[in-house]
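Below is one structure, written out as structure tokens; the observations come after it.
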Amino acid sequence: MIKISETCLNMNVFDRSINLDVLLKFSQISQSTQLHLKNVYSSLAVCMFVAAAGSYVHVVTRLFQGGLLSLLGSLGMVVWLSMTPHNPETEKKRLAILAGFAFFTGVGLGPAMDFVIIINPSIIVTAFLGTSIIFVCFTLSALYAKRRSFLFLGGTLMSGLSILFLVSVVNMFFGSAILFKAHMYLGLVIMCGFVLFDTQLIIEKAENGDKDYIWHCVDLFLDFVTIFRKLMILLAMNEKEVMSLCTAPIYKTFHMGYGCLMKT
95 MIKISETCLN
105 MNVFDRSINL
115 DVLLKFSQIS
125 QSTQLHLKNV
135 YSSLAVCMFV
145 AAAGSYVHVV
155 TRLFQGGLLS
165 LLGSLGMVVW
175 LSMTPHNPET
185 EKKRLAILAG
195 FAFFTGVGLG
205 PAMDFVIIIN
215 PSIIVTAFLG
225 TSIIFVCFTL
235 SALYAKRRSF
245 LFLGGTLMSG
255 LSILFLVSVV
265 NMFFGSAILF
275 KAHMYLGLVI
285 MCGFVLFDTQ
295 LIIEKAENGD
305 KDYIWHCVDL
315 FLDFVTIFRK
325 LMILLAMNEK
335 EVMSLCTAPI
345 YKTFHMGYGC
355 LMKT
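Residue numbers (the numbering used here): 95 to 358.
Put into structure tokens, the structure is as follows:
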């Protein structure tokens, strides 16, 4: 009887179907805003592919190198996008500008990827998966949370960005690896906060009639790219430290043995 009961219990547990409609139902968000968010995240997915193509151009083909030119290209595209009004007539044009911005941003990631590839190429995949998990978790937290509950973070996050800027300027003179690493960790935490803040800000803007999903996509795309860059560099730095600790005894033993051979 006990075995039969346990079998029935297991069947009841595993036979239950998961209703995704219930899980993805955001009752506090209107239908028009939910449609707006679908457009935002669809555009964000396209930006990811275009940015990946830009990184491929730098790392593999070397046809276009990341640096000052890619930075100026990204800034130029953002300015152009901001100056182009959002309406049905200019929608395709603005999407093309958005794709150009994503491409230049991807190319700009190239130098950091070159550094990471030398240490361990698999770090890039790990960083992307980690960034995706972080982004999805914080996005869902913002969507399920009470509306405007994370908007208070705006002032704190902007103050954090100011601190990061000051730390980076100070570290230009000292060149401290510890300070640089602290800067990266703090920046990672701040950008996670921006995912919460920007997501809820986009919701409030959409509820108030601002349906510029292309510009809203830029905010989230910058959040994702910044988290990815910082996480990738941190993983590479940690990997490099582990490699240094592992190879130091071997290096020392080799030189001790080489010295003994020279004496004999």
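Cβ coordinates follow ideal geometry from the N, Cα and C atoms, glycine included.
Helix, strand or coil, according to DSSP, for residue i in the structure here?
i, result
"residue 132", "helix"
"residue 192", "helix"
"residue 317", "helix"
"residue 292", "helix"
"residue 124", "coil"
"residue 303", "coil"
"residue 156", "coil"
Apply the 10 Å Cβ neighbour rule to residue i and answer buried if 16 or more other Cβ atoms are within range, or exposed otherwise.
i, result
"residue 276", "exposed"
"residue 232", "buried"
"residue 279", "exposed"
"residue 204", "buried"
"residue 225", "buried"
"residue 167", "buried"
"residue 338", "exposed"
"residue 242", "exposed"
"residue 188", "buried"
Just checking my contact of residue i with residue j at CB under 8 Å: how many whole Å lie between their CB atoms?
i, j, result
"residue 324", "residue 281", "5 Å"
"residue 199", "residue 161", "In fact, because the Cβ distance is near 13 Å, the residues do not count as touching under 8 Å."
"residue 222", "residue 321", "Residue 222 to residue 321, Cβ: 10 Å. No contact."
"residue 123", "residue 297", "6 Å"
"residue 245", "residue 294", "6 Å"
"residue 137", "residue 307", "6 Å"
"residue 251", "residue 291", "6 Å"
What's the C-alpha gap between residue i and residue j?
i, j, result
"residue 254", "residue 300", "26 Å"
"residue 262", "residue 177", "31 Å"
"residue 304", "residue 131", "12 Å"
"residue 116", "residue 335", "Note on residue 116: pLDDT 49, under 50, position unreliable in the model; the coordinate value appears next. Approximately 46 Å, taken between the alpha carbons."
"residue 283", "residue 247", "12 Å"
"residue 213", "residue 260", "29 Å"
"residue 158", "residue 134", "28 Å"
"residue 192", "residue 143", "12 Å"
**Message:** Going residue by residue through the segment 195 to 270, where are the continuous alpha helix (DSSP H) segments of at least 4 residues, counting only ones entirely within it?
**Reply:** 204 to 213, 216 to 238, 247 to 268
**Message:** Give the list of continuous alpha helix (DSSP H) stretches no shorter than 4 residues that lie fully inside the segment 159 to 188.
**Reply:** 162 to 177
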